[in-house]
Structure formats: structure tokens, C-alpha cells
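Mind the numbering: the sequence shown is residues 0 to 251 in numbering that gives the first Met the number 0, read in order.
Quick notes on the structure that follows.
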Amino acid sequence: MKKLLVFLLVINFAYANKIEEIFKEYNIEGTIVIKALNKNIQYIYNEQRAKKALLPASTFKIPNSLIILNEKLLKDENEIIKWDNKKRFLEVWNKDQTLKTAFKYSCVWCYQKYSKEISIDKYKYYLKQFNYGNKKVGNSSYNFWLQGDIKISALEQIEFLKNLYLENLPVEKKYINIVKNIMIEEKAKEYILSSKTGWATFPKEKHGWYVGYIQTKEEVWFFATNLLISDFNKLSLRKKLTFKVFKTLGII
Numbered sequence: 000m001k002k003l004l005v006f007l008l009v010i011n012f013a014y015a016n017k018i019e020e021i022f023k024e025y026n027i028e029g030t031i032v033i034k035a036l037n038k039n040i041q042y043i044y045n046e047q048r049a050k051k052a053l054l055p056a057s058t059f060k061i062p063n064s065l066i067i068l069n070e071k072l073l074k075d076e077n078e079i080i081k082w083d084n085k086k087r088f089l090e091v092w093n094k095d096q097t098l099k100t101a102f103k104y105s106c107v108w109c110y111q112k113y114s115k116e117i118s119i120d121k122y123k124y125y126l127k128q129f130n131y132g133n134k135k136v137g138n139s140s141y142n143f144w145l146q147g148d149i150k151i152s153a154l155e156q157i158e159f160l161k162n163l164y165l166e167n168l169p170v171e172k173k174y175i176n177i178v179k180n181i182m183i184e185e186k187a188k189e190y191i192l193s194s195k196t197g198w199a200t201f202p203k204e205k206h207g208w209y210v211g212y213i214q215t216k217e218e219v220w221f222f223a224t225n226l227l228i229s230d231f232n233k234l235s236l237r238k239k240l241t242f243k244v245f246k247t248l249g250i251i
């Protein structure tokens with residue numbers, strides 16, 4: 000038994016070194032947490048950072064979509080969200096949207112449009128029911144996920160995603176299925192990737208998120224990557240680094 004324990008420790012240490020090398024290769028600081036659904040396997044790089052509560056930024060569009068649907072503010076992922084004709088800095092935002100496209104392109108104005116119709120107390124209720132982060136909203140429901148009091152750690156992101164996948168959230172199942180559908184980013188021969196990115200630009204240390212789950216033939220793996228990113232042009236590192244870790248661990 001003692002030899003087996005040592006063997007496992009050696010394996011985990013080896014993987015930790017390999018993941019650390021990936022972070023050094025990209026010259027970036029941060030954390031990544033990867034957890035299996037059916038096996039007792041979890042990888043954590045930079046546990047201190049993994050436990051740190053941070054603004055969710057656009058990853059909050061996952062619970063926010065559930066709330067908007069459950070409040071009957073939209074009926075499904077294809078209902079048209081009319082553009083208000085105000086020009087924003089991303090051209091893809093400057094047209095009519097649906098929940099599906101608003102989620103895909105992280106269209107801030109779409110979510111702010113509906114968040115104004117949801118009270119602070121209502122948000123607090125849902126956050127408590129979802130056990131989401133610190134469950135705080137602040138004084139405004141308009142954009143608290145971008146510059147408010149709500150905070151969530153990478154480890155907490157994993158638990159929320161697991162409850163979403165298993166449909167263990169107190170909203171109608173059809174709305175959970177809609178959100179799971181709009182989260183699908185990529186369908187490949189070996190896997191199905193469901194995810195959401197985020198970039199928090201208001202904290203002193205800007206950080207980028209990449210969270211979700213990847214379904215392979217053998218397992219479902221939940222992941223939460225958080226990187227210190229201050230440059231818009233480096234946001235692609237969120238997915239690049241995550242996928243390199245997947246390949247290093249033999250997940251894909």
C-alpha cells in the first residue's frame with residue numbers, strides 16, 4: 000500500500016511539473032483545475048489561485064442565461080433580441096441577437112437588457128439556490144458580474160458546472176438543456192467541448208476565464224482556467240493553454 004501511494008505521488012508530481020512547464024512556455028500566471036465526473040481524479044495547478052474568489056466576468060452568462068429563461072424573459076435560445084442601434088466596440092454586437100449568439104459572442108448589452116428586469120433580491124435568491132460563489136450582488140443588478148461584488152473561485156466554478164451537467168439546479172429542465180446546448184463550442188470526432196470564456200477588466204489584476212466541460216468517449220472532464228491577462232491580444236491563451244494541458248494529461 001505504501002509503495003502504491005508513493006507511485007501515485009510520483010505520477011501527480013510529474014503531471015504538476017508538466018503543467019508548470021506549459022504555464023512557463025506561455026509566460027503567464029494563473030491556475031487550472033480539471034476534475035473527472037465518474038473517476039476520483041482531479042488536477043489542480045496553483046491551488047492557492049484555484050481557491051481565490053474572483054469576478055466571474057462573462058462566465059456568469061452561464062447562470063445568467065438560466066435565470067433569464069427561468070424568469071420567462073426569453074422563451075428559448077432563438078427568440079430575437081432587438082438591437083438598440085447603439086454602436087459598441089465589437090462589430091458582431093451591432094445587430095439583432097438571440098440568446099445563442101449573445102452567449103457565443105459575449106454580447107454584454109443583451110444580458111444587461113434583461114438584468115435590469117431582474118431585482119437584486121431575485122438574483123440573490125438564484126445565487127443562493129445555485130450555491131454560486133460568494134452569492135453577493137451589490138447595489139445594482141445591471142453589471143455586477145463585471146465590476147460588482149460577486150466573486151467565484153476556479154474550484155467553485157467546477158462544482159457549479161458539475162451541477163449544471165447533472166441537472167441538479169432548481170430551474171426547469173428544459174432551460175438547463177437550452178443552456179447546455181448554447182454552451183457547445185466544438186464537436187470533434189474524439190470529444191464534445193462545452194465552454195464559456197470571460198475577461199474581467201476592472202480589477203487591478205485583469206484576469207481571463209475559460210470554463211466548461213469536455214466529453215470524451217471514456218469520461219466527462221470539468222475544467223476552470225484562470226489566467227492573469229491584461230492584453231486583449233493574449234486572450235486566445237485561455238483556450239490554447241487549456242487544450243495543451245488536456246493533451247498533456249491524455250484527456251484528448
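All residues carry an ideal CB built from backbone N, CA and C; glycine is no exception.
What are the start and end residues of the alpha helix (DSSP H) that includes residue i?
i	result
L77	Here residue 77 turns out to be Asn, not Leu, going by the sequence shown. No alpha helix (DSSP H) contains N77, which DSSP labels as neither H nor E.
Q128	I119 to F129
S64	K60 to N69
L240	L236 to L248
I'd like to confirm the pairing. Which residues does DSSP put opposite residue i in its beta bridges?
i	result
G29	L226
W282	Outside the shown range of the chain, which is 0 to 251, sits residue 282, and nothing can be said about it.
I191	K186 and Q214
A35	W220
Q111	None, per the DSSP bridge assignment.
Q96	I80
Y42	I33
L253	Outside the displayed span of the chain (0 to 251) sits residue 253, for which this structure offers no information.
May I ask you to check if the CB of residue i is nearer than 8 Å to at least one heavy atom of the ligand NAD?
i	result
K17	In the structure on display, the ligand NAD does not appear, and there are no ligands present to speak of.
Determine the direct distance from the alpha carbon of residue j to that of residue i, and round the result to whole angstroms.
i	j	result
Q146	L192	28 Å
A52	L126	15 Å
R237	F231	11 Å
T247	N93	39 Å
V5	Y14	Confidence in V5 is poor, its pLDDT being 45 and thus under 50, which makes the residue's placement unreliable; the coordinate value appears in the next sentence. One C-alpha to the other measures close to 14 Å.
E46	T100	34 Å
T215	I250	8 Å
I10	Y44	A caution first: I10 carries a pLDDT of 47, below 50, which makes its placement in the model unreliable, though a value can still be read off. Between I10 and Y44, the C-alpha separation is close to 14 Å.
M0	Y42	Residue confidence for M0 is low, a pLDDT of 40 falling below 50, so the modelled location carries little weight; the figure read from the coordinates is stated next. So the alpha carbons of these two residues sit roughly 22 Å apart.
H223	P62	First, the residue type needs correcting, since residue 223 is Ala and not His in the sequence shown. Rounded to the nearest angstrom, the two C-alpha atoms are 15 Å apart.
L8	L227	Caution is warranted here: a pLDDT of 45 is assigned to L8, below 50, making its placement in the model unreliable, and no coordinate value can be reported.
D83	N133	33 Å
G211	K186	14 Å
E76	K38	33 Å
Y209	G197	6 Å
V32	E24	18 Å
I40	K86	46 Å
A199	V170	27 Å
F129	E20	35 Å
K150	N225	13 Å
Y174	K74	9 Å
I79	K17	46 Å
K188	S194	17 Å
Which residue comes first and which comes last in the beta strand (DSSP E) that contains residue i?
i	result
S152	Taken as a continuous stretch (DSSP letters only), S152 belongs to no beta strand (DSSP E), as it is neither H nor E.
V210	H206 to T215
K255	Summary: the structure shown does not reach residue 255, with the chain confined to residues 0 through 251, and so no result is reported for it.
So with Cβ pairs under 9 Å, would you call residue i a contact of chain B?
i	result
N232	The structure shown contains no chain B; it is built from a single protein chain.
Using 8 Å as the Cβ pair cut-off and three pairs as the minimum, do the stretch 159-168 and the stretch 95-107 touch?
Judged by pairs of C-beta atoms under 8 Å, the stretch 159-168 does not touch the stretch 95-107, as fewer than three such pairs exist.
So, does the stretch 171-188 touch the stretch 150-159, judging by three or more C-beta pairs under 8 Å? Output reads no: the stretch 150-159 does not touch the stretch 171-188.
Measuring CB atoms only, is the stretch 61-76 touching the stretch 111-128, in the sense that at least three cross pairs come out at less than 8 Å? Enough Cβ pairs lie closer than 8 Å, so yes.
When you compare the stretch 120-140 with the stretch 194-206, are there three or more beta-carbon pairs, one atom per stretch, that lie closer than 8 Å?
Under the 8 Å Cβ criterion, the stretch 120-140 does not count as touching the stretch 194-206, having fewer than three qualifying pairs.
Segment contact flag, the stretch 129-149 with the stretch 217-231, C-beta cutoff 8 Å, min 3 pairs: Flag = no, the stretch 129-149 and the stretch 217-231 do not touch.
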